[in-house]
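In the numbering used here, the protein residues as written are 60 to 155.
What follows is a single structure, written as structure tokens, with notes after it.
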Amino acid sequence: MGDSAHQARKSDHNDGNAFDLTHDPDNGVDCNLFAKLALLDTRTTYVIWNRQICNVSDGQWKPYHGKNGHTHHMHVSIKAALRNVASPWPWASIES
Ligand SMILES: [Zn+2]
């Protein structure tokens, strides 16, 4: 779900169709890697990470000019129809 900042604007978070992951490589969450892995999952529609956005429909990373550059967390929007699919995300199999 979206935090108060997200709720103030249109966001997939408000519908439960997105999640954020904090970049924390020391604890196994390396968004430089996870952003790529998220794009491999059928649930994902697009990912925003480190001033770039990639939509799975074309797979191309493009500059992201949003106010929040997403340099400390990555954003993953998912398909509403697949939001209840509980299978592990690709990074679940990474050993840390
Ligand atoms: Zn987000």
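Here a beta-carbon is modelled for each residue, glycine too, at the ideal position from N, C-alpha and C.
Here's the rule: buried if 16 or more other CB atoms are within 10 angstroms of the residue's CB, otherwise exposed. What is residue i?
i    : result
T103 : buried
H72  : buried
T131 : The amino acid at residue 131 is misidentified as Thr; the sequence shows His. Exposed: under 16 other Cβ atoms inside 10 Å.
I137 : buried
I112 : buried
L99  : exposed
V135 : buried
H129 : buried
If you measure between the beta carbons of residue i and residue j, is that distance less than 9 Å?
i    : j    : result
N91  : N109 : yes
L80  : V88  : yes
W150 : F93  : yes
Please specify which runs of the alpha helix (DSSP H), each continuous and at least 4 residues long, are wholly inside the segment 71-147, giving them in chain order.
Taking only runs of at least 4 residues, the alpha helix (DSSP H) segments lying wholly in the segment 71-147 are 90-97.
Anything with a beta carbon under 6 Å from a heavy atom of ligand 3 counts; list them all in chain order.
Absent from the structure shown: ligand 3. Ligands present: ligand 1.
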